[in-house]
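Taking it in order: structure first as structure tokens, then the write-up.
Number of protein chains: 2
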Amino acid sequence: MSRYQQLAARLKEQIQLGYFAPASRLPSVRQLASEHGVSLSTVQEAYRVLERDQLIVARPKSGYFVAEERKAISRPEQSKPPQRPMDVSLWEDVLAMLLGHGVDAVCEFQHAMPDMASSTLKPLLKSLYELNRHRPQDGMKYGHIQGDAGLREQLSRLTASAGCHLMAEDFVVTSGCQEALSVCLRAVAEPGEIVAVESPGFYGAMQAIKAANLKALEIPTDSRDGMSIDALRLAMDQWPVKAILVTPTVNNPQGYVMPLEKKQALYQLAQEFDIAIIEDDIYGDIAFDYPRPKTLKSFDDDGRVLLCSSFSKTLAPGFRVGWIAPGRYRDKVTHIKYVSSSMCPTLPQLAIGRFIREGGYERHLSAMRQHYRKARDLMLEDIRRFFPEQTRVSYPEGGFVLWMELPKKYDAVKLAERAKQAGIILAPGQMFSATGKYRHCLRFNFIDRNHASREAALRTLSELLPECQLSPS
Amino acid sequence: MSRYQQLAARLKEQIQLGYFAPASRLPSVRQLASEHGVSLSTVQEAYRVLERDQLIVARPKSGYFVAEERKAISRPEQSKPPQRPMDVSLWEDVLAMLLGHGVDAVCEFQHAMPDMASSTLKPLLKSLYELNRHRPQDGMKYGHIQGDAGLREQLSRLTASAGCHLMAEDFVVTSGCQEALSVCLRAVAEPGEIVAVESPGFYGAMQAIKAANLKALEIPTDSRDGMSIDALRLAMDQWPVKAILVTPTVNNPQGYVMPLEKKQALYQLAQEFDIAIIEDDIYGDIAFDYPRPKTLKSFDDDGRVLLCSSFSKTLAPGFRVGWIAPGRYRDKVTHIKYVSSSMCPTLPQLAIGRFIREGGYERHLSAMRQHYRKARDLMLEDIRRFFPEQTRVSYPEGGFVLWMELPKKYDAVKLAERAKQAGIILAPGQMFSATGKYRHCLRFNFIDRNHASREAALRTLSELLPECQLSPS
Chain A
1 MSRYQQLAAR
11 LKEQIQLGYF
21 APASRLPSVR
31 QLASEHGVSL
41 STVQEAYRVL
51 ERDQLIVARP
61 KSGYFVAEER
71 KAISRPEQSK
81 PPQRPMDVSL
91 WEDVLAMLLG
101 HGVDAVCEFQ
111 HAMPDMASST
121 LKPLLKSLYE
131 LNRHRPQDGM
141 KYGHIQGDAG
151 LREQLSRLTA
161 SAGCHLMAED
171 FVVTSGCQEA
181 LSVCLRAVAE
191 PGEIVAVESP
201 GFYGAMQAIK
211 AANLKALEIP
221 TDSRDGMSID
231 ALRLAMDQWP
241 VKAILVTPTV
251 NNPQGYVMPL
261 EKKQALYQLA
271 QEFDIAIIED
281 DIYGDIAFDY
291 PRPKTLKSFD
301 DDGRVLLCSS
311 FSKTLAPGFR
321 VGWIAPGRYR
331 DKVTHIKYVS
341 SSMCPTLPQL
351 AIGRFIREGG
361 YERHLSAMRQ
371 HYRKARDLML
381 EDIRRFFPEQ
391 TRVSYPEGGF
401 VLWMELPKKY
411 DAVKLAERAK
421 QAGIILAPGQ
431 MFSATGKYRH
441 CLRFNFIDRN
451 HASREAALRT
461 LSELLPECQL
471 SPS
Chain B
1 MSRYQQLAAR
11 LKEQIQLGYF
21 APASRLPSVR
31 QLASEHGVSL
41 STVQEAYRVL
51 ERDQLIVARP
61 KSGYFVAEER
71 KAISRPEQSK
81 PPQRPMDVSL
91 WEDVLAMLLG
101 HGVDAVCEFQ
111 HAMPDMASST
121 LKPLLKSLYE
131 LNRHRPQDGM
141 KYGHIQGDAG
151 LREQLSRLTA
161 SAGCHLMAED
171 FVVTSGCQEA
181 LSVCLRAVAE
191 PGEIVAVESP
201 GFYGAMQAIK
211 AANLKALEIP
221 TDSRDGMSID
231 ALRLAMDQWP
241 VKAILVTPTV
251 NNPQGYVMPL
261 EKKQALYQLA
271 QEFDIAIIED
281 DIYGDIAFDY
291 PRPKTLKSFD
301 DDGRVLLCSS
311 FSKTLAPGFR
321 VGWIAPGRYR
331 DKVTHIKYVS
341 SSMCPTLPQL
351 AIGRFIREGG
361 YERHLSAMRQ
371 HYRKARDLML
381 EDIRRFFPEQ
391 TRVSYPEGGF
401 VLWMELPKKY
411 DAVKLAERAK
421 QAGIILAPGQ
431 MFSATGKYRH
441 CLRFNFIDRN
451 HASREAALRT
461 LSELLPECQL
471 SPS
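If you read the protein sequences in the order shown, they are chains A and B.
Each residue of the first sequence is one higher than the last, beginning at 1 in the UniProt record's numbering.
Each residue of the second sequence is one higher than the last, beginning at 1 in the UniProt record's numbering.
Here's what the structure looks like:
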């Protein structure tokens, strides 16, 4: 990258982060040159780049100004799913996306994989390989059915910072959060029964509902603060809901954090109707707020909350280390976990336990929080630049995915097909519903590995959009 | 071990393996001394040890003779389980045994873990830690939903030697055989439906039946050649059986290999009634016969057989690498596998794939076959020496577990409790039934890690037996 490009990138970031307000005057060419120790022509070249990108405007005789503020991006409004229990479909769409993993692509927006190239992960990887080298026998035997006791002690410490009071024996280690959710669903509901879920909601949980022969009742959900408690109460008055499955802290796909009072209201409602809550907290530790928001489980004084999580979003999904704090369902959960896949491999548990104990986990989280928050801000700005004004976007308060609602005339499935030909992989919205809603929506991974290629990909998407209108049906 | 002890051990083995027939004359002291290049007193000392153990008798002026043959041990007769579909119980017993894993003990007969100390496993372990060192990123990402393609290619080769014609895309890698069985049960039967199983049968499969809300119909099973086809037909005439779950090649717990014609008859019966077969082949590769017996799947010309296996018995359970060749159920199996635990960790798959490709797997199997066969023979002989004459024992044709039927007046559960106090861990028989049958039976792991301590443990068990009679109920 040449000097002027570097300078342009830096100025652009400062504008996007709001250091220079819209319509405000930028430093003069002479001033910037002396500030950055570069030539006048370097500054002029940098300003020309920003002008071309419509981030700044040049006014003759007056200098350079930040462009006028465009309308802020709106958030999606509260969703309006069908108000009755439904069978889950859309597996074909999920499968197609899963089979896309690992396919060479220019830009992968579809997956929910964290940044795994950070140097803060190095101590963990070193520990893992040393365990494989020096204690291979530990990796060959069956371990404890509830998981390694040392890791469970660390889980007890970690969850304390989310407001929970749990002991090592209160945890069951699982093969990722997917197994955790699947086991919990089977533990709390019998075939044919109804589970209330957020809408949109995580497709892996929806598909687990399908496989357990349960029905999904999608509850209207707000992109700012989550599942509507009023709508949930109405639904529960009308239908024999057996459990609520929610991702209240850094939701997938929307990224919101449900406010604490609302979490409490949700818990009380579950208590009133005497049903279970499955709380998916997989992104909870990478909420941007620190200390992290408290869980629903933190209110749980009668063991009805099954808290599920994993290290797939905070460290790496390939380790397949997740866990459940199943409350009063521990015996049933242990049974179903055992028949599902027996014990979990020991060495990743040992390595992660050590990583937490020695402080590596907190250091890594701290780096990721900063990284993802910055990436979110840049992504939101890029979306504002490239997408139609009526586009709505959720405002993630943690994690690395966001939810986009295109104007209703667009077909995200068509867009995904076209984009794939250009090497850009998308996750269309309908997978995040039991019944194929959200066909005009998309979930984006916004981790900013290479901003130039992300920008180019978003520009390409915006160019493809006009051809991707819904066919009149 | 001193010279005379070495010689005694060698002679004992030769007697047990039948090189010297019962009541036949043994070589003279002088002859043996010259043959083995040891002193006369060493031979005399060795013969004295064998005499004390009642394996040989000294006849004055005539020399040493092998002891008269004792009555051969009888095999268990065909089982007589209740002839109706039952809910599976006994989880508490299974859990208690699982929680015993890893507890310090003098002698562990209860688990079904293979010998993992063999030097033939070294290349695999080396490859695993090298992958962890040099390709950690491969271990962090999500892999292919069906498992690593390279491993699946090797599975295609492996199963060819069991008579199958399968391509890499015909496999779905799972988290051990437990996940394979659990996924297959859910793929072929709906809650409330009936699955026919062997009796006795593997407790992990029984518990998976319970968790999937299915009913088990235990079919009379012969310790020599497996499930009775006649009894199965009768049962299927009477009940709407949805699938048959069998372990026909090196059965767990009995160790028999179902003859090929009988496998064919079983397959044809499934075809006639148009139902699925879940074939658990987890011990198939360590049948003592080489080349290994063909699978039921080898007859499968219409995709109704779901072949399940893993490397837990051939390599080590801790790797948690199993697989399914699901035939016509592939789509459903892929779905349920995905919701159950998402993808499997990649590095163990890469390491095992390489181990097979480079010939290490075959070398290891060959060593294990010899090792286990010899251990079986010694175990059978020890059982004959220590247990009451009416004790019946299965004759494993592979693997490393056998099934013992004590005279009916004994209570194996009581025996297990007493034995535990002496540091000897047992697997009582009732777990191998849906409904608590086989209370007078035990499954033994017969791997001979330390023959002296195994012998001592068996002697202790025989001494405890008289106190372990069934209470009159």
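Glycine included, C-beta positions come from ideal geometry on N, C-alpha and C.
Just so you know, these numbers come straight off a predicted model, no measurement behind them.
Buried or exposed by the 16-neighbour rule on C-beta atoms within 10 Å, applied to R291 (chain A): The question names Arg, but residue 291 (chain A) in the sequence shown is Pro. Burial call: exposed.
Own chain residues within Cβ distance below 6 Å of I73 (chain B), not counting five before or after: R384, V393
Within chain B, the residues that N450 (chain A) reaches when beta carbons sit closer than 7 Å: Those within 7 Å of N450 (chain A) in chain B number zero; the least Cβ separation is about 17 Å.
Cβ neighbours of R328 (chain B) in the same chain (closer than 8 Å, five flanking residues each side left out): D302, G303, R304
Given R439 (chain A) as reference, the closest of A:S28, A:Y47, A:S79 once Cα atoms are compared: A:S79
Test: P220 (chain B) CB closer than 9 Å to a CB of chain A: no
Bridge partners - L461 (chain A), DSSP secondary structure assignment: Paired residues: none, contrary to the question.
Cβ-heavy atom distance, L266 (chain A) to the ligand MG, below 8 Å: Looking for the ligand MG in the displayed structure turns up nothing, as the structure carries no ligands at all.
Neighbourhood of Y372 (chain B) by C-beta distance below 6 Å, restricted to the same chain and skipping five residues each side: F400
V197 (chain A) - partner residues in DSSP beta bridges: A:E218, A:L245
DSSP state of M167 (chain A) mapped onto helix, strand, coil: coil
Proximity winner among A:R363, A:S366, A:H364, A:Y395, relative to L378 (chain A) (alpha-carbon distances): A:Y395
Rounded separation between Q264 (chain A) and S156 (chain A) - CA only: 22 Å
Given L99 (chain B) as reference, the closest of A:S175, A:G147, A:N252, A:L121 once Cα atoms are compared: A:G147
Proximal residues of chain B, C-beta to C-beta of N213 (chain A) below 8 Å: E190, P191
Under the three-state DSSP convention, the category N445 (chain B) falls into: strand
Local conformation of Y438 (chain A) per DSSP, three classes: coil
Any C-beta of chain A under 9 Å from that of residue 534 (chain B): What the structure shows of chain B is the stretch from 1 to 473, and residue 534 (chain B) is not part of that stretch, so it cannot be assessed.
Beta-carbon proximity list for T159 (chain B), same chain, < 6 Å, skipping 5 on both sides: L166
Within chain A, partners of A457 (chain B) - CB distance below 7 Å: Within 7 Å Cβ-Cβ: nothing; A457 (chain B) doesn't reach chain A, min ~20 Å.
CB-CB length for A211 (chain A) against I336 (chain B), believed under 8 Å: 5 Å
Meets three-Cβ-pair contact criterion under 8 Å: the stretch 347–359 of chain B and the stretch 169–177 of chain A: no
Beta strand (DSSP E) segment containing V172 (chain B), residue limits: 172–174
Inter-residue Cα distance where the pair is L181 (chain A) and G201 (chain A): 13 Å
Simplified DSSP assignment, three categories, for G318 (chain B): helix
G163 (chain B) vs K294 (chain B) beta-carbon contact at 9 Å: yes
Contact belief for T174 (chain B) with G322 (chain B) at Cβ below 8 Å, rounded distance in angstroms: 4 Å
Any chain B beta carbon closer than 9 Å to T460 (chain A): no
Stretch pair the stretch 352–364 of chain B + the stretch 113–129 of chain B: three plus CB contacts closer than 8 Å: yes
Collapsed DSSP secondary structure at M206 (chain A) in the structure displayed: helix
9 Å Cβ cutoff, G139 (chain A) in contact with chain B: yes
Cβ-based neighbour list, F299 (chain A), same chain, cut-off 6 Å, excluding 5 preceding and 5 following: Q264, Y267
From A:T247, A:I277, A:D274, A:A276, residue whose alpha carbon lies closest to that of D285 (chain A): A:T247
Interface flag, G150 (chain B) vs chain A, CB-CB below 9 Å: no
Coil, strand or helix - V43 (chain B) by DSSP: helix
Proximity of A412 (chain A) and C107 (chain A) at Cβ, strictly below 9 Å: no
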